[in-house]
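In our numbering, the protein residues as written are 49 to 159.
The beta-carbon is built from N, C-alpha and C at its ideal position, and this holds for glycine as well.
Only a predicted model underlies this, so the values are computations on that prediction, with no experimental measurement involved.
As structure tokens, this is what we get:
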């Protein structure tokens, strides 16, 4: 359910909402989580450094990245492995979003 909500958000609230991009992001997430805690924390550190370069994003760094970092550090390896297994089972189709994406795409191409 969280993944479908993320797909909807990425399509509705971005300048270039793209279903294929959302699928690619999900596949990248699966890949990182499959590699374990060290890989996840490495990604969060890189994000933290990017957000640290811009004062406007600093609040986001503290609101999200810091908490995710602490949360991932608190999880045991079995929990991360279970998360990776659960993520592998997630496959989102356009129909799962509850929107008539195919029709919207047709209308966009027509107009």
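Taking C-beta atoms as the reference points, residue 145 and residue 52 count as a pair closer than 8 angstroms. 113 is the residue among 101, 108 and 113 whose C-alpha sits nearest the C-alpha of residue 89.
Look at the beta carbons and you see the region 59-69 not touching the region 85-103: under three pairs across the two are nearer than 8 angstroms. Remark: fewer than three beta-carbon pairs, one from each stretch, lie closer than 8 angstroms, so the region 99-114 and the region 70-85 are not flagged as touching. Counting the other Cβ atoms within 10 Å of the Cβ of residue 120 gives 16 or more, which makes it buried.
Residue 58 is positioned such that its CB atom lies closer than 8 angstroms to that of residue 70. Taken atom to atom, the span from the alpha-carbon of residue 139 to that of residue 122 is near 27 angstroms. Distance from the Cα of residue 128 is smallest, within the candidate group 60, 98, 87 and 147, for 87.
For residue 91, the enclosing alpha helix (DSSP H) covers residues 85-100. With distances taken between CA atoms, residue 68 lies nearest to 142 out of 142, 101 and 155.
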